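Data first, discussion second: the structure below is written as structure tokens.
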Amino acid sequence: MTANRDMTDMKVCILAGGLGKRLGSVTANIPKPMVLVDGQPFLLRQMEHFASLGFDRFVLAVGHLWEQIRDHFGDGSRFGWQVEYSVEPQPLDTGGAALWAQPLWGERVLVANGDTHLPYDWRAMVAAHSATDAPVTMALVHQDDSARFGKVLVRDGEVIGFEEKTPHAGPGWINAGVYVLEREALASRQRGQAFSLERDIFPSLTGRIAAYPCDGPFVDIGTPQSLDAFRRNCGLHQEERISQ
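Sequential numbering from 1 applies to the sequence shown in the UniProt record's numbering.
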């Protein structure tokens with residue numbers, strides 16, 4: 001096995017089980033990560049990028065209408081990937097979903113939200129994480145307007161706090177929704193508990209989370225407006241956009 005393959009031997013756990021309530025009727029009959037962008041599921045765009053870097057073993061943490069995801073990706077073999085499924089017994093939120101999937105990913109995993117995308121070379125973040133003893137390395141991206149996301153406060157390469165969403169937040173670093181996560185980061189919780197990485201786990205680890213600033217076009221499809229903006233940026237026809 002090559003050194004590069006060693007670096008990418010870590011599995012990618014994509015959190016794809018959310019209900020997508022903010023997207024309204026768009027996700028009434030389809031899981032949010034399967035929303036079409038440029039004629040393809042958003043989730044496929046994410047997975048293709050990870051696979052292009054050598055991260056081609058996926059654990060999909062799924063729930064809402066998950067059978068549609070399974071029917072599209074199967075075991076991943078037709079893409080040249082390995083795809084496994086961790087099906088929530090009930091909604092477990094981001095942290096609960098990651099921990100429920102832990103038997104499939106082991107001791108360390110690259111975690112990604114199923115409704116955001118940043119086309120970055122994640123091998124660099126994995127390498128940086130491996131040089132620390134941090135339980136989490138968090139990807140950050142700078143936004144001119146952080147109002148919808150809340151700010152991540154950083155000092156000397158560490159995450160030292162979080163600011164809640166406010167209408168006039170201004171520019172700042174935000175959580176890009178990609179992490180290198182050690183099993184120990186979830187040690188205080190039990191499998192089957194519903195809990196949030198963002199609200200429950202990360203605030204309890206401030207000062208121990210390694211900050212990893214990234215650049216590139218950050219995409220979030222969590223609201224009708226952000227999904228429509230991304231579709232416009234992909235040059236889609238008017239009929240494929242969400243009605244305002």
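Glycine included, C-beta positions come from ideal geometry on N, C-alpha and C.
Nothing here was measured: the structure is a model prediction, and the numbers come from that model.
Listed in chain order, the non-local C-beta contacts of G114 below 6 Å within the same chain comprise I14, L15, A16 and P33, local neighbours out to five positions each way being set aside.
Looking at the DSSP output, W173 shares a beta bridge with H142. Per DSSP, V35 lies in no beta strand (DSSP E) segment and is marked neither H nor E.
Secondary structure note for Q82: its beta strand (DSSP E) is the uninterrupted segment Q82 to V87.
A211: not part of any alpha helix (DSSP H); member of the beta strand (DSSP E) spanning I209 to C214, first to last residue.
In this structure, E48 is the residue among V59, E48, W100 and G106 with its C-alpha nearest to the C-alpha of F79. Spatial neighbours of E198 in its own chain (CB-CB distance under 6 Å, excluding positions within 5 residues in sequence) are not present. Within 10 angstroms of the beta-carbon of P171 lie fewer than 16 other beta-carbons, which makes it exposed. Just so you know, the alpha carbons of W173 and A28 end up roughly 32 Å apart. Secondary structure note for A61: its beta strand (DSSP E) is the uninterrupted segment R57 to V62.
With a beta-carbon spacing of about 7 Å, V62 and S86 fall inside the 8 Å limit used to define contacts. The straight-line gap separating the alpha-carbon atoms of Q46 and G96 is approximately 22 Å. Taking C-beta atoms under 8 Å as the contact rule, E107 and V136 fail to qualify, at a distance of about 13 Å. Where L43 is concerned, there is no enclosing beta strand (DSSP E), although the alpha helix (DSSP H) around it starts and stops at F42 to S52. In the DSSP assignment, the residues bridged to Y179 are V111 and M138. CA-to-CA, the gap between I69 and P31 works out to about 8 Å. Membership of E163 in any alpha helix (DSSP H) is not indicated; the residue belongs instead to the beta strand (DSSP E) covering E158 to E163.
Counting the other Cβ atoms within 10 Å of the Cβ of R57 gives 16 or more, which makes it buried.
In the three-state DSSP reduction, D220 falls in the strand class (E or B). Around the beta carbon of K165, fewer than 16 other beta carbons lie within 10 angstroms, which makes this residue exposed. E184 sits exposed, since fewer than 16 C-beta atoms from the chains shown fall within 10 Å of its C-beta. Only exposed fits D38, as fewer than 16 other CB atoms lie within 10 angstroms of its CB.
The residue among K11, P103 and N175 with its C-alpha nearest the C-alpha of A147 is N175.
One thing to note: A128 has its Cβ no nearer than 8 Å to the Cβ of Y179. In summary, D220 is buried, with 16 or more beta-carbon neighbours lying within 10 Å of its beta-carbon over all protein chains present.
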